[in-house]
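Engineer: Below are the C-alpha cells for one structure; questions will follow.
Number of protein chains: 2
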Amino acid sequence: MNQRRSQILDAAAVLIGRQGYTATSVDDVIRESRLSGKSHFYHYFKSKEELGYEVLDRQFERFAERGLAILREPMIDPLERLYLFIDSLVAAHAERGCQGGSPFGTLASEMADQHEGFRLRIAHVFSRWSSQIQSLLWEARPQLNDDVDAVRLSRFVIAALEGALMMSRVKRDIALMEGIAEDLKRFIGTHLRASAASQSASGSPSLPNA
Amino acid sequence: MNQRRSQILDAAAVLIGRQGYTATSVDDVIRESRLSGKSHFYHYFKSKEELGYEVLDRQFERFAERGLAILREPMIDPLERLYLFIDSLVAAHAERGCQGGSPFGTLASEMADQHEGFRLRIAHVFSRWSSQIQSLLWEARPQLNDDVDAVRLSRFVIAALEGALMMSRVKRDIALMEGIAEDLKRFIGTHLRASAASQSASGSPSLPNA
DNA sequence: TGCAATTAGGACCGATCGGTCCTAGTTTAT
DNA sequence: ATAAACTAGGACCGATCGGTCCTAATTGCA
C-alpha cells in the first residue's frame with residue numbers, strides 16, 4: 726500500500742539530494758523507482774511539489790530518528806553527545822565521498838528565495854534541529870557558563886556544520902570538514918565554566934563541581 | 726564594446742543570485758538586460774555555461790575589490806579588520822532583506838555535484854577567499870597563539886559565514902546572522918595570546934587566567 | 001465471486017528550455 | 001566611403017518539462 730510510496734520517496738530523496746529539486750524531473754523519479762509510467766506516479770502523488778514536501782518531511786524524520794538520536798542518548802554526558810553528533814555528520818559525509826551535502830542546506834539554498842512553501846518547511850526543520858540542541862545544552866547547563874545563550878549557540882553549531890558540508894563538498898575534501906568540526910567542538914568547549922578546566926575537544930568532558 | 730557585455734553580466738548576476746543558475750533561463754537574461762533577441766545574446770556569449778562562468782568570475786572580482794578589501798586596510802589592526810569584514814557581510818545581507826545569500830554558497834550547493842566546471846571554479850573562489858584571511862591572520866600572528874592554524878581558522882570563518890547566510894535567508898531573520906557573527910568573532914578572540922587581553926570584538930572575549 | 005485498488009503503458013498537451021539561422025537596418029571606426 | 005561590428009527581430013529546431021487522459025491487465029481483499 727504505502728510500500729510503493731516509500732519506494733518513490735526514497736528514490737526521489739536520493740535524486741533530489743544529488744541534483745536538487747528543480748533538476749530532478751518526475752521522469753527521473755519514475756525511472757529510478759521503476760514505475761510503469763506517468764500515471765503510475767500520479768496515482769500516488771498529486772504533483773511534483775507534493776512529492777517534494779513529503780521527501781523533505783521524510784528526510785527530517787529519518788534525520789531526527791537516526792542522526793539526532795545521538796543527542797538524546799541518556800547514558801552519555803550531554804556535551805559528549807554533541808561532540809559525537811558532530812563526528813557522526815563528518816563520518817556520514819566521508820562515507821558519501823563528500824557528495825550530496827545536507828539535504829536541508831542544499832534545498833534551502835535552492836528554494837529559499839524561490840518557493841515560499843519550501844522556505845517555511847525548511848525553516849521549520851532548522852527550528853526543530855535547533856531545539857534538539859537547545860535541550861541538550863539545557864541538560865548540560867551545570868557544566869556551562871551562566872551566560873551561555875542556548876538558542877544562539879545551537880544556531881551557530883548548525884550554521885558551522887552546514888557551511889562545512891557545503892565547503893568540503895565543493896573541495897571534495899573531508900579534511901576540510903574535519904578541521905571545522907574540531908574547531909567547532911573547541912568553540913563549544915569555550916562555553917564551559919571556568920571551574921571545569923580539564924576540557925579536551927574529542928576527549929571526555931569533566932564532571933561539574935559542587 | 727564591452728558595455729553591453731557588462732550589462733548582460735550584471736543582469737545575469739542578479740538573476741542567478743536570486744533564482745540559481747538552472748532556474749535562470751537565457752530568455753530571462755535577455756529580457757532583464759533588454760536585448761533584442763536570442764541572436765543578440767549569442768553575439769556576446771557562446772553559451773549559457775560561458776555566461777555562468779563569467780558571472781562567477783565577475784562576482785568574485787567584485788567581492789575581492791569591495792568586500793575583501795576591508796581585510797587589507799593597512800591602517801587598521803588586523804583582527805579588527807576581520808571583525809569589520811564579518812560585520813559588513815551582515816550589513817549587506819540585512820540590506821538585501823535576507824534574500825539572495827552568498828553568490829558562491831548558493832551556486833556551490835546547486836552545482837557542486839552536478840557540474841565539474843562550476844565545482845572547480847567555486848573551489849578556487851573559496852581558496853582565494855581563504856588565502857586573504859590567512860594573510861590577515863599571518864599579519865596578526867603577534868597577537869595570536871602560536872598554535873593557531875591559519876588555514877583551518879580561515880576555513881572555519883568562511884563556513885560559519887556561509888552557513889549563517891543560508892540560515893538567516895531561510896528564516897528571513899537578520900538577527901540569526903547577527904548572533905552567529907558575534908559568536909564567530911568571539912571564537913576568533915579565543916585564539917588570542919593569553920598575554921594580550923584588551924581585545925574588543927564587539928563583546929569582549931574571555932578573560933585570561935592568571 | 002466480485003469489486004476496488006494497483007500496475008502497465010502509451011498518446012498527448014502546452015510551455016519552456018538552450019541554441020541556430022536568416023534577413024536587414026544602424027553604428028562606428030578606418 | 002566602406003567594411004566590420006552591433007542591433008533588431010522573428011522563425012525555427014529537437015528535447016524536455018509537469019501534467020492529463022485513456023484503455024486494459026492484474027492483483028488483493030471482502
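Same order as they appear, the protein sequences are chains L and X.
Heads up: the first sequence is residues 726 to 935, going by my numbering.
Heads up: the second sequence is residues 726 to 935, going by my numbering.
All C-beta atoms in this analysis are idealised placements derived from N, C-alpha and C, irrespective of residue type, glycine included.
(1) Which residues in chain L have a C-beta closer than 7 Å to the C-beta of I858/X? List them in chain order.
(2) Classify A817/L as buried or exposed, calling it buried when 16 or more other Cβ atoms lie within 10 Å of its own Cβ.
(3) Please name the residue or residues paired with L869/X in a DSSP beta bridge.
(4) Let me confirm a value: R846/L is counted as buried when at least 16 other C-beta atoms fall within 10 Å, else exposed. Which label applies?
(5) Around the Cβ of A833/X, are there at least 16 other Cβ atoms within 10 angstroms (buried) or fewer (exposed)?
(6) Buried or exposed: P803/X, going by 16 or more other Cβ atoms within 10 Å of its Cβ?
(7) My output table needs one value for L909/L: the three-state DSSP class, helix, strand or coil.
(8) Quick one: is P828/X buried, meaning 16 or more other Cβ sit within 10 Å of its Cβ, or exposed?
(9) Once you ignore the five residues that flank S931/X on each side, which residues in its own chain have a CB closer than 6 Å to its CB?
(10) For M800/X, count neighbouring Cβ atoms within 10 angstroms of its own Cβ and tell me buried if that reaches 16, exposed if not.
(11) Verify the CB distance criterion: does D782/L have a CB-CB separation below 9 Å to chain X?
(12) Applying the 10 Å Cβ sphere with the 16-neighbour rule, what's the burial state of G830/X?
(13) How big is the Cα-Cα spacing for L917/L and R911/L?
(14) Helix, strand or coil for L760/L per DSSP?
(15) Please classify D812/X: does DSSP put it in a helix, a strand, or coil?
(16) Can you tell me the Cα-Cα spacing of S927/X and F810/X, whole angstroms?
(17) Any beta carbon from chain X within less than 9 Å of I899/L's own beta carbon?
(18) Do the CB positions of L886/L and L814/L come within less than 9 Å of each other?
(19) Give a yes or no on whether the minimum CB-CB distance between V895/X and chain L is below 9 Å.
(20) Which first and last residues belong to the alpha helix (DSSP H) in which M892/X is found?
(21) Would the beta-carbon of V895/X fall within 9 Å of that of R844/L?
(22) Can you pull the chain L residues whose beta carbon is under 7 Å from the beta carbon of G745/X, in chain order?
(23) Judging by CA-CA distance, which residue of L862/X, S761/X and R783/X is the nearest neighbour of G742/X?
(24) Whose C-beta lies closer than 7 Å to the C-beta of V780/X among residues of the same chain, with five residues either side of it excluded?
(25) Using a Cβ-Cβ cutoff of less than 8 Å, which residues in the same chain neighbour S855/L once the five nearest sequence positions on both sides are dropped?
(26) Terminal residues of the continuous alpha helix (DSSP H) containing P828/L?
(27) Thinking C-alpha only, which one of I755/L, F785/L, I913/L and Y769/L is nearest Q868/L?
(28) Could you give the DSSP three-state label for S927/L: helix, strand or coil?
(29) Hey, is A748/X's beta-carbon within less than 9 Å of any beta-carbon in chain L?
(30) Using a Cβ cut-off of 9 Å (strictly closer), state whether V717/X contacts chain L.
(31) Please check if any C-beta of chain X sits within less than 9 Å of the C-beta of I811/L.
Structural biologist: Inspection of the coordinates gives the following:
(1) Numbered from 1 along the second sequence, position 133 holds the residue referred to as residue 858/X. Within 7 Å Cβ-Cβ: nothing; I858/X doesn't reach chain L, min ~13 Å.
(2) Your numbering for residue 817/L matches position 92 in the first sequence. Burial call: exposed.
(3) In the second sequence, residue 869/X corresponds to position 144, counting from 1. Bridge partners of L869/X: L917/X.
(4) As a first step, residue 846/L is located in the first sequence; it is residue number 121 there, counting from the start. It counts as buried.
(5) Working through the second sequence from its first residue, we reach residue 833/X at position 108. Counting the other CB atoms within 10 Å of its CB gives A833/X a total of 16 or more, which places it among the buried residues.
(6) In the second sequence, residue 803/X corresponds to position 78, counting from 1. Under this definition P803/X is a buried residue.
(7) Here residue 909/L is taken as the residue at index 184 of the first sequence, counted from 1. Here L909/L carries a helix assignment [DSSP, helix/strand/coil].
(8) Your numbering for residue 828/X matches position 103 in the second sequence. In summary, P828/X is buried, with 16 or more beta-carbon neighbours lying within 10 Å of its beta-carbon over all protein chains present.
(9) What you label residue 931/X is simply residue 206 of the second sequence in a count that begins at 1. For S931/X, the pLDDT reaches just 38, beneath the cut-off of 50, and the residue's location in the model is therefore unreliable, although a value from the coordinates is still provided. So the list is empty, once near-sequence residues are dropped.
(10) As a first step, residue 800/X is located in the second sequence; it is residue number 75 there, counting from the start. Residue environment: M800/X is assigned as exposed (fewer than 16 neighbouring CB atoms within 10 Å of its CB, all protein chains considered).
(11) Taking the first residue of the first sequence as position 1, residue 782/L is located at position 57. Not a single C-beta of chain X is nearer than 9 Å to the C-beta of D782/L.
(12) Residue numbering aside, residue 830/X sits at position 105 when the second sequence is read from its first letter. Buried, because 16 or more other Cβ atoms sit within 10 Å of the Cβ of G830/X.
(13) For the purposes of this step, residue 917/L is taken as the residue at position 192 of the first sequence. For the purposes of this step, residue 911/L is taken as the residue at position 186 of the first sequence. Between the C-alpha atoms of L917/L and R911/L there is a straight-line separation of about 10 Å.
(14) Stepping through the first sequence from its first residue, residue 760/L is reached at position 35. Correct three-state label for L760/L: coil.
(15) Against the second sequence, residue 812/X aligns to sequence position 87. D812/X falls in the helix class under three-state DSSP.
(16) Counting from 1 along the second sequence, the entry for residue 927/X is found at position 202. Counting from 1 along the second sequence, the entry for residue 810/X is found at position 85. With a pLDDT of 45 at S927/X, under the threshold of 50, the modelled position of this residue cannot be trusted; read the value that follows with caution. Take the alpha-carbon of S927/X and the one of F810/X: they are about 13 Å apart.
(17) Along the first sequence, read from residue 1 onward, the residue named residue 899/L stands at position 174. False, the Cβ-Cβ gap to chain X never drops below 9 Å.
(18) Within the first sequence, residue 886/L is the residue found at index 161, counting from 1. Within the first sequence, residue 814/L is the residue found at index 89, counting from 1. Yes, they are a contact pair.
(19) For the purposes of this step, residue 895/X is taken as the residue at position 170 of the second sequence. So, interface residue.
(20) Numbered from its first residue, the second sequence carries residue 892/X at position 167. Note, M892/X: alpha helix (DSSP H), A875 to K896.
(21) Sequence index remark: in the second sequence, residue 895/X carries index 170 (1-based). Sequence index remark: in the first sequence, residue 844/L carries index 119 (1-based). Yes, the Cβ-Cβ distance between V895/X and R844/L is below 9 Å.
(22) To locate residue 745/X, count along the second sequence from 1; it is residue 20. Result: E835.
(23) In the second sequence, residue 742/X corresponds to position 17, counting from 1. It is R783/X.
(24) Residue mapping note: residue 780/X aligns to position 55 of the second sequence, counting from 1. In the same chain as V780/X, and ignoring 5 residues on each side of it, the C-beta atoms closer than 7 Å to its own belong to L734, A737, A738 and I741, in chain order.
(25) Residue numbering aside, residue 855/L sits at position 130 when the first sequence is read from its first letter. Correct list, in chain order: V876, S879, R880 and I883.
(26) As a first step, residue 828/L must be located in the first sequence, where it is residue number 103. Counting along the chain, the alpha helix (DSSP H) containing P828/L begins and ends at P828 to M836.
(27) As a working mapping, residue 868/L is identified with position 143 in the first sequence. If we check each option's Cα against that of Q868/L, I913/L comes out closest.
(28) Looking up residue 927/L in the first sequence gives position 202. Its pLDDT being 46, under 50, S927/L is placed unreliably in this model, and the value from its coordinates should be taken loosely. In the structure shown, S927/L adopts coil according to DSSP, grouped into three states.
(29) Reading the second sequence from its first residue, position 23 is the one you call residue 748/X. At a cut-off of 9 Å between beta-carbon atoms, A748/X makes contact with chain L.
(30) The structure shown does not extend to residue 717/X, since chain X spans only 726 to 935, so no value can be given for it.
(31) In the first sequence, counting from the first residue as 1, residue 811/L sits at position 86. With respect to chain X, the C-beta atom of I811/L has no partner C-beta closer than 9 Å.
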